[in-house]
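Undergrad:
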Amino acid sequence: MAGVSVSHLIIFTASLVVAAGVAGTLTTGVDRISGSIEDGSIDVSQQVRTDITVVSDPGYTYNTTENVTIHIRNTGSQGIALQASSFDIIFNGVYQSPIESVDSVTEPGSATWRPGEVVVLDLGVTPEDGDNRLFVTVNRDEEKFEFRAS
Amino acid sequence: MGFSVSASTAIIFAGLFLAFGMLYPAVSNSYERVQDAEFDRDDAQLDRQNTAIEITELTQDKITVTNTGSTSLTVSTIDLLINNTYQDREPTLRSVEGNSATDLWLPGERLTISFESEIVSGDRVTVATEHGLRVSQEFL
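Here the protein sequences line up with chains A and B, keeping their order.
The first sequence lines up with residues 1 to 150 when you count with the working numbering.
The second sequence lines up with residues 1001 to 1140 when you count with the working numbering.
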């Protein structure tokens, strides 16, 4: 009688340990998933909120001896860090890195590009004679700017 | 054997409840966050669709633009570029229907922006509003 109940106790304890292990693995896995769902949603909402618009005049004929500068306005609903690494520029098919400078014209010296503010981007390269095409991408929002230079 | 089945089932159910309790708020918060961002973006798009401006007059020392859309615009956030050079947002040089104290540019009203220095023939003037809507004209 005593031997039977000891082995019952051992098996009982083992089954509880297995159940606790399963429950623990389940909650750990779900915790990781919910953490990454939250992080992913923050990324997606930032991308949705980002919107930029080029305010430079495309009808203006650029000078082939001067660096290309372009004015961009933040028309989204969140601020963007004002640094060269926030922008991905492709000019006439070539990825521009590093960019010469980026600075706010409405609030010089600011480190944040707030909604409604305009920044000027200096590419550090001169345009080609004739047609030129520029793609600016910030947080997955891509804007195209085409112009002529002579 | 009998009681251990019940006990381990209870432990596993408790673990499931705990997991659901962690997952549900994360999913609902995430969904709300993305939805809020989409609402804001859609509102801005609607405003942009309803915005329209037109250059009615361009002289050597000023430009007059009419708000031909159905949204009100803000005078202090209008951008002016002359020959693709950004001009500072100077509130004293801007007036709506003669009133330079107001910041509202309502539908149908005309905004006049005076230039700091006179422009010459061949210069291009660009006016851009808060949704990035842009109009340009060359001074002849």
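The beta-carbon is built from N, C-alpha and C at its ideal position, and this holds for glycine as well.
(1) Based on Cα-Cα distance, which residue from B:1128, B:1085, B:1059 and B:1006 lies nearest to residue 1118 of chain B?
(2) Measure the alpha-carbon distance for residue 1107 of chain B versus residue 31 of chain A and round it to whole angstroms.
(3) To the nearest angstrom, how far is it from the Cα of residue 62 of chain A to the Cα of residue 1123 of chain B?
(4) If the cut is a Cβ gap below 9 Å, which residues of chain B does residue 26 of chain A touch?
(5) What do you get for residue 1086 of chain B, buried or exposed, if any count of 16 or more other CB atoms within 10 angstroms of its CB means buried?
(6) Going along the chain, which residues of its own chain have a beta-carbon closer than 6 Å to the beta-carbon of residue 144 of chain A, five neighbours each way excluded?
(7) Using the DSSP secondary-structure output, state which residues sit across from residue 20 of chain A in a beta bridge.
(8) Short of 8 Å in beta carbon distance, which residues of its chain neighbour residue 181 of chain A, apart from the five on each side in sequence? Order them along the chain.
(9) Apart from the five residues just before and just after residue 146 of chain A, which ones in its own chain have a Cβ nearer than 8 Å to its Cβ?
(10) Using a Cβ distance threshold of 8 Å, determine whether the region 29 to 48 of chain A contacts the region 1035 to 1045 of chain B, with at least three qualifying pairs required.
(11) Would you call residue 1030 of chain B buried or exposed, if buried means 16 or more other Cβ atoms sit within 10 Å of its Cβ?
(12) Residues of chain B with CB closer than 7 Å to the CB of residue 38 of chain A, please, in chain order.
(13) May I ask you to list the residues that DSSP assigns as paired with residue 103 of chain A?
(14) Just tell me which of A:44, A:65 and A:69 has its CA closest to the CA of residue 55 of chain A.
(15) Have a look at residue 1064 of chain B and residue 1074 of chain B and give me their C-alpha separation to the nearest angstrom.
(16) Distance check for residue 1009 of chain B and residue 1002 of chain B, CA to CA, integer angstroms please.
(17) Compute the Euclidean distance between the alpha carbons of residue 1084 of chain B and residue 85 of chain A, then round it to the nearest angstrom.
(18) Excluding sequence positions up to five away, which residues of its chain have a Cβ less than 6 Å from the Cβ of residue 1034 of chain B?
(19) Flag residue 123 of chain A as yes if its beta-carbon sits less than 8 Å from any beta-carbon of chain B, otherwise no.
(20) At the 8 Å Cβ level, is residue 95 of chain A part of the contact set with chain B, yes or no?
(21) Can you name the residues of chain A whose CB is closer than 8 Å to the CB of residue 1079 of chain B?
(22) I need the straight-line Cα distance from residue 1028 of chain B to residue 41 of chain A, nearest angstrom please.
(23) For chain A, find out if any of its Cβ atoms is closer than 8 Å to the Cβ of residue 1023 of chain B; answer yes or no.
(24) Using a Cβ cut-off of 8 Å (strictly closer), state whether residue 1084 of chain B contacts chain A.
(25) Can you check whether the C-beta of residue 30 of chain A is within less than 8 Å of a C-beta belonging to chain B?
(26) Rounded to whole angstroms, what is the Cα-Cα separation between residue 1133 of chain B and residue 115 of chain A?
(27) For residue 1070 of chain B, I'd like the list of residues in its chain whose CB is within less than 6 Å of its CB, leaving aside the five on either flank, ordered along the chain.
(28) Just how far apart, CA to CA, sit residue 1057 of chain B and residue 1048 of chain B?
TA: Let me lay it out:
(1) B:1059
(2) 52 Å
(3) 13 Å
(4) 1012, 1015, 1016, 1018 and 1019
(5) buried
(6) 135
(7) Note: residue 20 of chain A sits in no beta bridge, so no partner.
(8) Residue 181 of chain A is absent from the structure shown; chain A starts at 1 and stops at 150.
(9) 58, 131, 132, 133 and 134
(10) yes
(11) buried
(12) 1026, 1029 and 1030
(13) A:120
(14) A:69
(15) 15 Å
(16) 11 Å
(17) 24 Å
(18) none
(19) no
(20) no
(21) 55, 71, 73 and 118
(22) 10 Å
(23) yes
(24) yes
(25) yes
(26) 15 Å
(27) 1050 and 1107
(28) 23 Å
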